[in-house]
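*Asks:* Quick mapping for you: the protein sequence lines, in order, are chains A and B. With the numbering used here, the residue at position 57 of the first sequence is 57, and numbering never jumps. With the numbering used here, the residue at position 737 of the second sequence is 737, and numbering never jumps.
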Amino acid sequence: MLDRKKLINQISTERDQAIIDIDDCKDLEVLKKIHSKYFGKDSYLSKTISQIKNYDKKDKIEIGQFSNKVKGEIQNKIKEKELILKNRVFLHEIERDIDVTLSTNNINIGSIHPISQMMDNITDNFKSFGFSIASGPEIETDWFCFQALNMDIHHPARDMQDTFYIEENHILPRTHTSSMQIRTMLKQKPPIRILAPGKVYRNENADSRHSFMFYQYEGLVIDKSTNVSDLKSFLTIALRNIFENDKIEIRFRHSYFPYTEPSFEVDATCILCQGKGCNVCSNKGWIELLGGGMVHPQVLRNVNIDPEIYQGFAFGGGPERLLIVKNMIQDTRYFFENDLRFLNQFKQI
Amino acid sequence: MKISTSWIKEYTDLPNNKKDLYNLLDKFAQQCIDIDQIIEYGEGLDDVFVSKIKKIINHPNAEKLKIVEAEIDNKNLQIVTGAPNIYVGMICPLIKSGGKLPNGMVIEKKNLRGIDSNGMLCSEKELGIGNDHTGIMDLGEYYSKHIGEKISKIFSDTIIEIDNKIISNRPDLFSHRGIAREFFALTKTKIYFDKENKLDINIDKDFKVSILDKDFCTRYLGIIIKNVEIKESPVWLKQKLNRVGVNSINNIVDATNYIMLDIGQPLHAFDLDKIGGDKSEIIVRKAKSNEIIETLDSKRRILTEENYVIANNNRAIGIAGIMGGKDSEVDDNTKNIFLESATFDSIKIRKSSKSVKIKTDASIRYEKNLSQKFAYEGILKAISLIKDVSCGEEGSNLIDIISKKEKLNNEISLDIKKVKQILGIDIDKKEILEILENLNMEVSVKSDILNILPPQERKDIKEDVDIIEEIGRIYGYNNIPVRLPVYESSEIIPNPLYEIEKKLRTIIAASGGYEIKTYSFINESLLKQSNYELGDSIKIINPISDEFTHLRQTLVPSMLKTVNLNAKNYDYFRLFEIANTYFKTKEELPDEKLNLCISIYSKNKEIGTFFELKNIIDNIKEYLNLSEDFNYIKESNSEEAIKTQSASIYLSDTLIGNITNVHPQIKDNFNIIGNLSICNLNVDLLLKYINKNRLYKAISQYQEITEDLNVVYNKKFYNSSQILSLINDDNIREKYIIDIYEGKPLKENEISLTVRLKFQNFERTFRSEEIKGKMANIKDTISKNNKGIYFR
Ligand SMILES: [Zn+2]
């Protein structure tokens with residue numbers, strides 16, 4: 001065992017070496033190593049301090065006080081050095097100048113098709129009104145698509161919907177989602193509130209306003225008391241939400257559909273001119289968006305619902321039409337061409 | 001169909017002021033019939049006047065010119081003209097010098113070879129109200145009372161055009177008289193009924209008519225008119241037809257067309273002498289199969305038993321209700337005519353018209369179920385008009401055969417309370433009564449119950465809601481307030497397939513995919529191009545074009561086409577589509593399977609589109625929270641596949657779909673250069689693997705230890721998912737591949753995987769010796785049980 005004096009000398013030497021080490025250090029990693037060299041389990045100072053218990057009381061106090069002082073000195077020195085070194089690193093990072101106008105293209109998000117976006121918008125609205133979303137077959141029987149909707153085989157109204165036919169008799173790609181009215185009413189007891197989105201097909205030559213395949217949404221409400229005023233209210237609120245414009249009003253124009261009575265075309269305030277009249281609305285201030293009406297009592301009878309107890313309304317339209325108005329798209333055919341130069345104008349997920 | 005508002009004014013009052021008229025038309029479009037367009041007929045005629053030629057002398061210096069004195073404003077105006085058809089007393093249009101023609105041309109005062117000309121006499125073409133340019137328009141004596149008046153006052157008209165389809169349930173609206181009734185209901189002004197036309201014929205001569213199909217022809221009226229003079233129609237008649245877009249033919253044909261446009265009843269005039277004279281017989285019968293007739297449009301028609309004909313004893317002389325025959329047509333030499341006005345069954349006419357592929361103004365009216373009374377009213381009005389314009393006279397009694405009585409409209413009872421119940425608005429009872437009466441309905445009132453008899457031509461009105469519609473639209477829907485409807489809550493029926501489709505779109509779009517929508521129809525050549533067969537694809541009988549003949553069973557061909565389109569503009573992209581495919585079944589309806597097709601294209605061959613695609617599929621597993629991992633079994637079950645670069649995708653034992661790099665031959669078929677990977681998933685099958693619950697899993701609070709394992713294997717005997725499955729320890733929380741290496745110093749077919757392992761312990765932090773032990777254990781177990789796997 002060393003005597004007190006020699007030990008204190010050794011501790012002083014250790015401190016002097018530490019100060020040299022710290023002064024020479026130019027790197028944070030090295031500084032960490034210096035720290036463990038002087039304060040680690042196997043370091044000289046730790047070992048020395050573990051031996052203090054062997055000295056007498058007076059020496060113990062003196063050695064203890066001295067070694068604590070030295071530890072403090074070294075620690076402070078390391079802290080000082082750490083600050084200097086960190087600042088140097090910070091400065092290095094801070095001093096780098098970048099051109100903030102540059103970009104990378106590493107994050108590529110795709111997009112949902114605009115028709116799907118609009119359809120989601122519509123279904124979300126009606127879901128929030130308490131409607132269920134109904135789906136059904138695209139290939140339908142004549143009965144579901146026409147006859148049950150009050151259109152017999154020779155009904156002149158069939159002229160309005162040029163139909164594709166497939167090999168099997170009386171089976172056809174549905175010309176409208178109104179077939180879902182029938183499927184729903186046969187499956188479910190009133191009260192009924194559904195919205196049915198889906199594809200429909202018509203044998204019409206394609207032009208800027210028509211495609212032989214397109215989308216429709218169909219709404220149906222059957223209840224004991226429900227009327228034209230309710231229909232107008234639901235549609236007004238939904239269209240205001242869809243166009244994000246609470247100034248939109250709608251008006252009903254008398255029309256004819258075999259499965260509703262009364263029947264309407266539904267016009268909304270032209271969102272481009274706010275109803276003042278412009279090119280898009282042919283100076284009418286109104287734009288036709290969908291059709292609707294009160295469900296014809298004969299249709300209710302066809303699905304065994306008593307029209308003396310229940311009545312209801314139905315409406316239907318195309319999301320493409322809403323998109324054309326909302327985004328001023330010139331030609332329906334873009335929707336099915338799938339040119340990314342078109343699709344990436346409507347990015348949304 | 002075009003409707004002339006000045007013609008309407010013969011039945012009811014319309015505003016003279018343009019602005020008021022347009023406001024009324026706007027109301028009409030909303031409440032009665034939508035108007036496609038409004039056409040101003042005879043615009044720009046403000047400088048043209050009606051004049052009368054008083055005197056004509058030859059031009060002293062020009063052989064072809066004449067000097068005319070024309071009366072206008074009680075004065076005579078000197079005009080030089082070269083027109084060939086002028087005569088003294090002619091009533092014709094005149095424009096004074098300084099005036100403007102509709103085409104904008106200003107008529108200057110001129111000196112023609114020494115004689116002053118102070119204006120111009122005009123042809124109908126110059127006025128924009130006809131096509132004749134051969135001479136000056138001869139207005140005829142009919143207009144002598146208008147001398148000095150602006151011609152615009154006589155000829156200008158506001159024409160509305162409406163789409164026939166939207167009045168397909170309203171046969172009464174295919175006429176000016178019917179539409180006038182609608183205007184009257186809106187304006188509540190006045191309605192001028194036709195005077196009851198009486199016919200007083202005392203001729204002891206009948207004409208034999210036999211109706212062989214009484215269900216087809218329910219009423220037949222006919223009459224001989226003899227000694228007719230065939231000529232041009234008078235200007236007023238020609239003008240009326242011209243305004244609504246009907247060409248003038250001759251006075252007889254024009255008269256029948258006029259009646260059709262006026263009251264909606266089609267009529268036909270046969271040349272009596274061409275059909276066998278007054279001893280002949282008219283037979284209404286079914287056509288014989290392959291019976292041939294040349295129709296008025298000079299086309300040879302081969303008929304079937306779906307058609308009906310008007311015939312004499314020898315042959316068909318017209319297709320009933322559709323078009324007359326060529327060889328019985330009224331021409332310049334016609335002396336006597338047989339005039340027909342009949343009621344035919346609407347459905348049979350519709351079938352007949354469809355089968356012979358002719359639609360005429362007559363057939364579209366007959367298809368709509370015309371009332372028998374129109375046939376009677378029509379022929380009466382036609383007889384007097386024809387006599388008027390052709391100087392003919394009756395040559396027989398009026399034949400009138402009712403072979404089947406028309407079903408009369410039923411009285412409908414309406415509870416006034418129901419009006420509010422359906423429309424949601426209060427309408428005064430007095431107002432309701434007025435609306436119904438203006439629409440020509442007979443109404444009797446018993447407190448709140450109305451008993452209503454619609455006019456016979458309104459066959460569309462069958463029950464009380466039909467009446468409510470009439471009330472609602474004439475009252476107007478503009479005042480319906482918008483409020484939040486209150487309903488009792490009802491069951492919300494879940495639609496999991498719809499929800500999953502929606503989620504898939506979001507997941508894939510977030511992974512860089514663009515959603516596309518292609519047609520459900522396809523053709524054989526596109527399938528062949530993609531190495532698919534037509535097989536038992538469902539066929540469309542009446543396809544829109546050769547391109548779209550069958551319902552598709554795969555989304556791949558349309559995807560390939562879309563990749564080709566976009567590869568022209570982009571070097572790299574990801575596309576996807578979610579759509580149905582259609583399969584024949586033994587049931588009534590085909591099976592519709594919802595498919596998901598994703599493709600990744602890269603022009604740059606270095607980019608591993610296959611593995612990117614797989615990454616997206618694995619993300620689908622995570623984000624849909626499927627209960628199982630996707631298993632990839634190396635096999636080829638899609639037609640576009642490269643066999644060695646494709647896999648079937650399973651969820652436990654269920655085959656869900658496939659993924660592949662597209663075969664170079666198919667890429668070449670579509671002119672696609674670069675890498676292309678495609679996957680197909682059957683979305684319906686995903687449904688049962690969706691785990692709705694996401695229960696929390698505990699996270700250890702102790703430091704996790706990460707170790708990387710380098711394992712080398714021969715790819716002929718193992719694949720990476722097998723290798724991963726061999727690495728097992730109870731404390732591994734997560735393991736995944738961070739690096740793949742092939743090449744030196746490895747041997748051929750050898751692959752080195754670097755697998756990152758994360759060890760967790762819930763009681764304490766692992767000591768490094770423990771982890772070393774675990775790693776050694778993993779290696780030992782694998783090496784012991786599997787040949788040819790070693791560690792680096
Ligand atoms: Zn506008």
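Each residue gets a CB set at the ideal place from its N, CA and C atoms; glycine is no exception.
Who are the near neighbours of residue 585/B in its chain, counting only those whose CB is closer than 6 Å to its CB and skipping five residues on each side?
*Replies:* Excluding positions up to five away in sequence, the list reads 591.
*Asks:* Can a CB atom of chain D be found closer than 9 Å to the CB of residue 580/B?
*Replies:* Judged by its chain identifiers, the structure shown contains no chain D, and its protein chains are A and B.
*Asks:* Whole-angstrom Cβ separation of residue 666/B and residue 640/B, contact assumed at under 8 Å?
*Replies:* Yes, residue 666/B and residue 640/B are in contact; Cβ-Cβ is about 5 Å, under 8 Å.
*Asks:* Answer yes if the stretch 384-391 of chain B comes into contact with the stretch 414-429 of chain B, meaning at least three C-beta pairs across the two stretches below 8 Å, and no otherwise.
*Replies:* The answer is no - the stretch 384-391 of chain B does not touch the stretch 414-429 of chain B, with fewer than three Cβ pairs under 8 Å.
*Asks:* Between residue 174/B and chain A, is any beta-carbon pair separated by less than 9 Å?
*Replies:* Chain A, which has no Cβ nearer than 9 Å to the Cβ of residue 174/B, makes this no.
*Asks:* In chain B, which residues lie with their C-beta within 9 Å of the C-beta of residue 294/A?
*Replies:* Per Cβ cutoff of 9 Å: 422, 423, 465, 468, 469.
*Asks:* Assuming the contact rule is C-beta atoms closer than 8 Å, residue 292/A and residue 313/A should be a hit. Round their C-beta distance to whole Å, please.
*Replies:* With a Cβ gap of about 6 Å, residue 292/A and residue 313/A count as contacting.
*Asks:* Enumerate in chain order the residues of its own chain whose CB-to-CB distance from residue 397/B is below 7 Å, with the five nearest sequence positions on each side excluded.
*Replies:* Hits under 7 Å: 201, 203, 205, 206.
*Asks:* Can you list, in chain order, the residues of its chain whose CB lies under 8 Å from that of residue 122/B, leaving out five sequence neighbours each side?
*Replies:* So the list reads 48, 92, 93, 94, 95, 101, 136, 137, once near-sequence residues are dropped.
*Asks:* Give the range of the beta strand (DSSP E) segment to which residue 216/A is assigned.
*Replies:* From DSSP, the beta strand (DSSP E) with residue 216/A extends over 213-223.
*Asks:* Is the beta carbon of residue 598/B closer than 9 Å to that of residue 513/B?
*Replies:* For residue 513/B and residue 598/B, yes; Cβs fall inside 9 Å.
*Asks:* Beta-carbon within less than 6 Å of residue 57/B's beta-carbon, same chain only, minus the 5 sequence neighbours each way: which residues are those?
*Replies:* Answer for residue 57/B: 67, listed in chain order.
*Asks:* Could you check whether the Cβ of residue 287/A sits closer than 8 Å to any heavy atom belonging to ligand 1?
*Replies:* Residue 287/A: yes, Cβ under 8 Å from ligand 1.
*Asks:* Looking at residue 508/B and residue 594/B, is the spacing between their C-beta atoms short of 9 Å?
*Replies:* No.
*Asks:* Output yes if chain A places a C-beta closer than 9 Å to the C-beta of residue 610/B; else output no.
*Replies:* No - not a single Cβ of chain A is within 9 Å of the one on residue 610/B.
*Asks:* Three or more C-beta pairs closer than 8 Å, one from the stretch 299-307 of chain A and one from the stretch 266-273 of chain A: is that the case here?
*Replies:* Not touching, per the Cβ criterion.
*Asks:* In the DSSP assignment, what are the bridge partners of residue 631/B?
*Replies:* Its beta-bridge partners are 650/B.
*Asks:* Can you tell me the Cα-Cα spacing of residue 495/B and residue 196/A, whole angstroms?
*Replies:* Going by the C-alpha atoms only, they are around 11 Å apart.
*Asks:* I'd like to know whether the C-beta of residue 147/A is nearer than 9 Å to at least one C-beta of chain B.
*Replies:* Chain B contact via Cβ: absent.
*Asks:* Using only alpha-carbon positions, find the residue among 551/B, 35/B, 536/B that is nearest to residue 542/B.
*Replies:* Closest option to residue 542/B, Cα to Cα, is 551/B.
*Asks:* Under DSSP, the beta strand (DSSP E) around residue 145/A begins and ends at which residues?
*Replies:* From DSSP, residue 145/A is part of no beta strand (DSSP E) but of the alpha helix (DSSP H) over 142-145.
*Asks:* Counting contacts by CB-CB distance shorter than 9 Å, is residue 221/A in contact with chain B?
*Replies:* Judged by the 9 Å Cβ criterion, residue 221/A is in contact with chain B.
*Asks:* Residue 466/B and residue 500/B - do their beta-carbons sit closer together than 9 Å?
*Replies:* It is not a contact, given that the beta carbons lie outside the stated cut-off.
*Asks:* Is the beta carbon of residue 326/A within less than 8 Å of some heavy atom of ligand 1?
*Replies:* False, no ligand heavy atom lies under 8 Å from that Cβ.
*Asks:* Find the nearest neighbour of residue 163/A within the set 179/A, 204/A, 137/A, 187/A, judged by alpha-carbon distance.
*Replies:* Residue 163/A has its Cα closest to that of 204/A, out of 179/A, 204/A, 137/A, 187/A.
*Asks:* Please compile the residues from chain A whose C-beta is within a distance smaller than 9 Å of the C-beta of residue 32/B.
*Replies:* Chain A residues near residue 32/B: 254.
*Asks:* Please classify residue 261/A as buried or exposed, where buried requires at least 16 other C-beta atoms within 10 Å of its C-beta.
*Replies:* Buried, because 16 or more other Cβ atoms sit within 10 Å of the Cβ of residue 261/A.
*Asks:* Assuming residue 300/B and residue 294/B make a contact with CB atoms under 8 Å, what is their CB distance in whole Å?
*Replies:* The Cβ separation is near 5 Å, so the contact holds.
*Asks:* Let me confirm a value: residue 614/B is counted as buried when at least 16 other C-beta atoms fall within 10 Å, else exposed. Which label applies?
*Replies:* Buried.
*Asks:* Evaluate the contact criterion for the stretch 353-360 of chain B versus the stretch 220-234 of chain B: three or more CB pairs, one atom per stretch, below 8 Å.
*Replies:* Counting Cβ pairs under 8 Å, fewer than three are found: no touch.
*Asks:* Of all the residues that make up the stretch 321-344 of chain A, which are near chain B by a beta-carbon distance shorter than 9 Å?
*Replies:* Within the stretch 321-344 of chain A, the qualifying residues are 335, 336, 337, 338, 339, 340, 341, 343, 344.
*Asks:* Could you tell me whether any non-hydrogen atom of ligand 1 is closer than 8 Å to the CB of residue 214/B?
*Replies:* Incorrect: residue 214/B has no Cβ contact closer than 8 Å to ligand 1.
*Asks:* From the DSSP output, in three-state form, read off residue 83/A for me.
*Replies:* Residue 83/A falls in the helix class under three-state DSSP.
*Asks:* Out of 712/B, 770/B, 739/B, 774/B, state which residue places its alpha-carbon closest to the alpha-carbon of residue 745/B.
*Replies:* Nearest C-alpha to residue 745/B: 712/B.
*Asks:* Given residue 559/B, which residues of its chain have a CB within under 7 Å of its CB, disregarding the five upstream and five downstream residues?
*Replies:* Same-chain partners within the cutoff: 575, 577, 597, 599, 678.
*Asks:* Do residue 347/B and residue 211/B come within 9 Å of each other at the CB atom, strictly closer than that value?
*Replies:* Cβ atoms of residue 211/B and residue 347/B: not closer than 9 Å.
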